[in-house]
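These notes are about the structure you will find just below.
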Amino acid sequence: MRNLNLKNAAIMGCLFFISIAAAAQEPTHPQEIYIDPNSVTNVTKQQVFDEVNYIPLQTIAQSRFNTIDQLVVTDKYFIINEQKTNHVLLFDKTGKFHCKIEVPSFSTAFSVNRQKREIMVKKGRTEIYYNFDGKKLREQPEKSIGTPYYFANGRIGYADYRVSEQYLPDTVNHEYRLYSKGRQYAGYLPYNMKLASIQNSDDIYTWHGPFFDIGSSKAVLYCRPFEYNIYELTSQRAYVKYKLVLPQEYVFPQDVLTVDSLKGHRYTYFNANQKQIREVSFAYETGNNIFFRLNSSIAGTNGSISYIYNLKTNALAAIKDIYPDATNYNLPITDIYNGGNFYNRNFLTSDGTYVYTSIKAELMFATAAKAQNQYPNNLKQYFAKGSSNGNPVIVQIKAKDQFTIPKAELSSNK
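Heads up: the sequence shown is residues -24 to -1, 1 to 390, going by mature numbering (1 follows the signal peptide of the UniProt record, and there is no 0).
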């Protein structure tokens, strides 16, 4: 899914020959994964997850905030964006407050250059850079339209999809472009900015930027609307890594993407055919596991459902059906049934070992187990000294390298 801020970006052309040269590098055989949403059932935390860790974020006057709109995890810091207040906050990995940056209003989500230890936000066509101590470093004209991802080798990938019959030219652009030293050297996923079948108004907004971290500055995962594919993007190529195969009852007919009468408002079709899956999104990979969400137009927790799939055992579990147990102190794993954070924002990011979400302090205190001596030290202190009005708590989740769902449970589909 595309970041909403890309839709209002200005015009930029690209050279068509670049995509032809780049396409030859792409693998031709993505791994097919067969997903049956009807097969999932209730499981407990210890059946699927090795770890569920809770990291309270220090609540003092300077650090107080309400919602994690964006999270980037580095070697030392949690970097958090709260767009409503135009603040970027940094906490260390124990949850101790480090600094706060006030960014310009109407700026986009931030991007992080881990190698240079810089945070970049865009306001209009201007890039503004800060270091990890909150010091403003410089302002400069944007290097390219689109959302950047900074690779470890110094190269930059940009995601940019803009289509409008009314406002954009009849020219070829590339959804994913690669730059080195300020110059474009490759482009992938070509489309016509005026005539492409999927218009910007077809795309239903997802609360996440275009790139999904997998714990390496060498590659990211990427999803596109109206596809069941998960792409891997690097500084050298873009290719389909995984292809999800669904039961026919969930698959929309491909002519939905070509019928002229639906162009620009395909959401009307999916509103009328709510069981059909529009696309996959929120893709993360940790070890032998893939996390993803299947988006539909069904409202509520039975609509767009998030899953974890084990590549070794082919086991599938719905995140909403993984329930707390004594191994995570019977605390919530997500707020899927008690708030809008996970429903809207899903897992916020991954560092390749863990996936991350957040839970509001109010929910943590409301569901805290009575036997507080079972908590680790950080949670003992949290419940003793904190309050339900404090900052959100980061939830760090590590899946089992291989997990299975007992056959007796599989036969009891809900």
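For every residue, glycine included, the Cβ atom is placed at its ideal position computed from N, Cα and C.
Collapsing the DSSP output to three states places Met340 in a helix. When the beta-carbon positions are compared, Phe228 and Ile190 stay at least 9 Å from each other.
With fewer than 16 other beta carbons inside 10 angstroms of its own, Pro382 counts as exposed. In this model, Asn354 and Thr277 are separated by some 31 Å (Cα to Cα). For Ala248, the enclosing alpha helix (DSSP H) stretches over residues 243 to 248. Tyr218 has its alpha-carbon roughly 22 Å from the corresponding atom of Gly279.
Here Phe258 has Thr182, His184, Phe188, Cys199, Phe267, Phe268, Arg269, Ser282, Asn322, Phe323 as same chain residues with Cβ atoms under 8 Å from its own Cβ, once five neighbours each way along the sequence are excluded. For Val216, the enclosing beta strand (DSSP E) covers residues 214 to 221. Judged by DSSP secondary structure, Ala293 falls within the beta strand (DSSP E) whose first and last residues are 292 to 294. In this structure, Glu58 places its C-beta atom within 9 Å of the C-beta atom of Ile44.
Around the Cβ of Gly71, a 10 Å sphere holds 16 or more other Cβ atoms; the residue is buried. Around the C-beta of Pro201, 16 or more other C-beta atoms lie within 10 Å, and the residue is accordingly described as buried. Scanning Leu113, Ile104, Val88, Asp311 for the CA closest to the CA of Phe82 turns up Ile104. Taking the CA atoms as reference points, Glu225 sits about 16 Å from Glu203. When the beta-carbon positions are compared, Lys376 and Asp26 come within less than 9 Å of each other. Under the 8 Å Cβ criterion, the region 357 to 373 counts as touching the region 13 to 32, having at least three qualifying pairs. When rounded, the separation of the alpha-carbon atoms in Thr102 and Ser363 is 40 Å.
Every beta strand (DSSP E) of 3 residues or more that sits fully in the region 56 to 110 is shown, in chain order, as 63 to 68, 73 to 78, 87 to 89, 94 to 99, 102 to 107. Ser237 counts as exposed, since fewer than 16 other beta carbons sit within 10 angstroms of its beta carbon.
Residue ranges of uninterrupted alpha helix (DSSP H) with 4 or more members, entirely inside the region 14 to 51 and ordered along the chain, are 21 to 24. Sequence-distant Cβ neighbours of Phe318 in its own chain, meaning closer than 6 Å and more than five residues away, are Thr310, Asp311, Ile312, Thr333. One thing to note: Tyr285 has its Cβ no nearer than 9 Å to the Cβ of Leu197. Cβ-Cβ distances below 8 Å link Asp327 to Val49, Asp189, Gly191 in the same chain, with the five nearest sequence neighbours on each side left out; the list follows chain order. A check of alpha carbon separations from Glu8 across Leu222, Ile373, Glu338 identifies Leu222 as the nearest. Setting aside the 5 residues that flank it on each side, Pro300 is surrounded in the same chain by Lys21, Asn306, Leu307, Pro308, Ile309, each with a C-beta closer than 7 Å to its C-beta; the list follows chain order.
Rounded to whole angstroms, Tyr245 and Ser272 show a C-alpha spacing of 11 Å. Secondary structure of Lys170 (DSSP, three-state): coil. Only residues of its own chain outside the window of five on either side were considered, and among them Tyr260, Thr262, Phe267, Phe323, Ile373 have a CB closer than 7 Å to the CB of Val331, listed in chain order.
C-alpha of Val19 to C-alpha of Asp297: approximately 6 Å in a straight line. Taking 9 Å as the cut-off, the Cβ atoms of Asn168 and Val139 count as close. In the structure shown, Asn271 falls within a strand segment according to DSSP collapsed to helix, strand and coil. Secondary structure at Val139: coil, using DSSP grouped into helix, strand and coil. Between Leu165 and Ala214, the CB-CB gap stays under 9 Å. CA-to-CA, the gap between Asn349 and Ala337 works out to about 19 Å.
Take the alpha-carbon of Tyr207 and the one of Phe127: they are about 16 Å apart.
Secondary structure at Glu8: strand, using DSSP grouped into helix, strand and coil.
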